[in-house]
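All remarks here apply to the structure that follows.
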Amino acid sequence: MELQRNYETFQEAGVEVIALAVTSVASVDGVRQSTGATYPLLADPAHEVATAYGVYSLLGDGLAAPAVFVIETDGRIVWSHVGQHPGDRPSVQAILEQLP
Amino acid sequence: MSQRISSHLWAVLGIGVVVIAGLGLLLAFLGREPSAPALTISPTTSPPPDDPVVASVDGHPLRYSFWMEAVLIDQVMSGLAGQPAPAPDETLQRLINEELVLQAFPPEQEPTASQIEARIAALEQTWGMDDAAVVTTLVEAGLDRAALERATGRLLAVQASLEALQSQGYDTQAWLEEQRASAEIVLNEEFENVAALALPGAQSPIATLVTSPLSAPTIESPVASPTPAPAPELPTPTPTLVLPEVAPDFTLERAGGGTLTLAEQLAQGPVVLVFFQRCG
C-alpha cells in the first residue's frame, strides 16, 4: 500500500496516517529516509503496542502482522484489516471507504 | 474445490489482449484437479537458511526465495492496481503452470533489458505512477527494482511461450490440463500448514474476466474469526483473532525525533493506524 503517495488524500479527509513497526527507532529513521515518508513513523521495539492491538507475531515471525486500524476520535476502532501473510494489505481505496 | 480468479493480475501486468488475460487467468488457478487436496502452503517470513525447493516441475526446482519474491511482487502489483492480491498458494500454482509452458515452448531469446524497461514503463503508465513512487512501494514491501525487472522479464518470456503454444494450434486450457496430469509435479510437504487464506466457493476453471468479490478479512467486532467459504477441501480456518474494540492508547518514539501519543492525535481527528513489517 503506497502510503506516501496517498497521504495527501488522507490529510484532505482530515485523517492522520500513523505507521508503526516492531523495530528500533534507528530502523524507522532509515525507512523515513529511504521512502521520504512525511507521515509519522513510530517504533515499537518492545512490541507492546503490537501486542495491545492483537497483531504481534501472528505470522510467527516476531513482527507485527501487516494490519490497518481505522480509529474514530472517541477511540473506537471502526474498521480493521489484519493480514494473513506478508504483504496482505487492503488497498488505499478500501481504507478510504471506511473513513468516518 | 475452491478457486480464486486472478485475471486482474494479468490485466495489471499490462497485457491488454483479452485472450492473453484469459490465459493468464488459467495459469493462475489451473491445476486444481477435483481429486487433489487444496494446497495449503503459506510462506513464512523467516526464510529457511538453505532456500529449499518448494515444488519441482519435471525435475525443475522452484525454490523458496523465488516463490516468496513472486508472492510479494503479486501483492505489490495488485495493490498498485487496487485489486485484491492472490494467495501465496495461487502464486505457486501460477509459477508451476508457467514452468510447464516455458519448458515446452522455450522462448527463442531472453527478453532484452530494453524490452523489460519498455514493459515497466507501460505498467507505470497504467498505474499512473512514476518510477520513483513504484520503487518506494517495492521497498516498503521489502523488494527492490531488480525484483520488478526479474518478474517483468519472466512475464515477457511466458508471454512469448504462450504465443508460440497458440500459434501451433493448441488450446491453452486443454494443453495445461493435459500437462498437469502427465507432468511430474512434486510439492514439498514441509510447507503445508493451515495458514491459508479463505477462498470463495468453487468456480469453473473456464476463463472469465470477472474479478472475485473476495475481500480481505474485515473485522468489525472485537472478536471475530475469518470464516472460510464452505468447501470440503479447505484446511481448518485461521485462528480466531482477538482485537480490541477501543484503540489502546500509546506513546512511541517517532522517526525524525520526538514522540507521538495516540490520544493527542485523536483529539485532532480520526487516525489510520498501519502496522508494517519490513523496514525497507
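Just so you know, the sequences run in chain order L and B. Going left to right, the first sequence walks through residues 3 to 102 as our numbering numbers them. Going left to right, the second sequence walks through residues 83 to 362 as our numbering numbers them. By construction, the Cβ of each residue, glycine as well, lies at the ideal position given by its N, Cα and C atoms.
Residue i versus residue j - alpha carbon distance
| i | j | result |
| --- | --- | --- |
| L:P102 | B:L237 | 41 Å |
| B:T122 | B:I155 | Legend: pLDDT at B:T122 = 39, less than 50; position of this residue unreliable, no value from coordinates given. |
| B:A215 | B:S264 | 44 Å |
| B:L105 | B:A186 | Because the pLDDT at B:L105 is just 45, under 50, the model does not fix this residue reliably, and the point stays unresolved. |
| B:P326 | B:T208 | 39 Å |
| B:V356 | B:Y252 | 47 Å |
| L:Q95 | B:G164 | 7 Å |
| L:G62 | L:L98 | 29 Å |
| L:D76 | B:E346 | 11 Å |
| L:Q35 | L:D90 | 24 Å |
| B:V221 | L:L44 | 18 Å |
| B:F332 | L:L22 | 11 Å |
| B:L348 | L:S93 | 23 Å |
| L:H87 | L:T37 | 22 Å |
| B:E259 | B:F358 | 39 Å |
| B:Q261 | B:A152 | 22 Å |
| B:E245 | B:E192 | 15 Å |
| B:E180 | B:P131 | 26 Å |
| B:F148 | B:Q250 | 30 Å |
| B:E267 | B:D171 | It is worth fixing the name first, because residue 267 of chain B is Ile in this sequence and not Glu. When rounded, the distance between both Cα atoms is 15 Å. |
| L:S59 | B:Q248 | 46 Å |
| B:L182 | B:G210 | 33 Å |
| B:P142 | L:S26 | Checking the displayed sequence, the identity of residue 142 of chain B turns out to be His instead of Pro. Rounded to the nearest angstrom, the two C-alpha atoms are 41 Å apart. |
| L:Q100 | L:S82 | 9 Å |
| B:P188 | B:Q241 | 11 Å |
| B:T254 | B:S243 | 11 Å |
| B:A195 | L:V51 | 45 Å |
| B:D212 | B:L184 | 31 Å |
| B:R145 | B:Q350 | 49 Å |
| L:T11 | L:A48 | 32 Å |
| B:S138 | B:Q175 | 11 Å |
| B:L177 | B:V136 | 11 Å |
| L:D46 | L:S29 | 11 Å |
| B:A233 | B:A239 | 10 Å |
| L:Y41 | L:G85 | 21 Å |
| L:Y9 | B:W257 | 46 Å |
| L:E14 | L:I73 | 17 Å |
| B:E231 | B:M150 | 15 Å |
| B:E190 | B:G340 | 58 Å |
| B:A229 | B:Q197 | 16 Å |
| L:E4 | B:L205 | 16 Å |
| B:D140 | B:E272 | 19 Å |
| B:L334 | L:A39 | 17 Å |
| B:P330 | B:P166 | 29 Å |
| B:T126 | B:D226 | Note that B:T126 has pLDDT 47, beneath the 50 cutoff, so the model's placement of it is unreliable and no number is given. |
Bridge partner(s) assigned by DSSP for residue i
| i | result |
| --- | --- |
| L:W164 | Residue 164 of chain L cannot be examined here, being either before or after the span of chain L that is shown, 3 to 102. |
| B:L342 | B:L334 |
| L:A66 | L:Y58 |
| L:I97 | Answer is none; L:I97 lacks a bridge partner. |
| L:V24 | In DSSP, L:V24 forms no bridge with anything. |
| L:A45 | L:A23 |
| B:F357 | L:L22 and L:A69 |
Contact belief for residue i with residue j at Cβ below 8 Å, rounded distance in angstroms
| i | j | result |
| --- | --- | --- |
| B:R336 | B:L344 | Not quite, the Cβ-Cβ distance comes to about 12 Å (not below 8 Å), so this is no contact. |
| B:V353 | L:V33 | Actually they are not in contact, since the Cβ atoms of B:V353 and L:V33 sit about 19 Å apart, beyond 8 Å. |
| B:P168 | B:N270 | At roughly 20 Å, the Cβ-Cβ gap does not stay under 8 Å, so B:P168 and B:N270 are not in contact. |
| L:L65 | L:V24 | 5 Å |
| L:Q6 | B:T218 | 6 Å |
| L:I79 | B:V328 | 7 Å |
| B:T224 | L:D31 | Going by the sequence as given, residue 224 of chain B is Gly instead of Thr. About 18 Å; that fails the 8 Å criterion. |
Please specify which runs of the alpha helix (DSSP H), each continuous and at least 4 residues long, are wholly inside the segment 219 to 269 of chain B, giving them in chain order.
227 to 249 and 254 to 264
Extract the residue ranges of the beta strand (DSSP E) inside the segment 136 to 201 of chain B, only unbroken runs of 3 or more that lie entirely within it.
142 to 145
Do the segment 187 to 203 of chain B and the segment 151 to 165 of chain B meet, that is, are 3 or more Cβ pairs less than 8 Å apart?
no
Pairing CB atoms from the segment 47 to 58 of chain L with CB atoms from the segment 66 to 86 of chain L, are three or more of them under 8 Å?
yes
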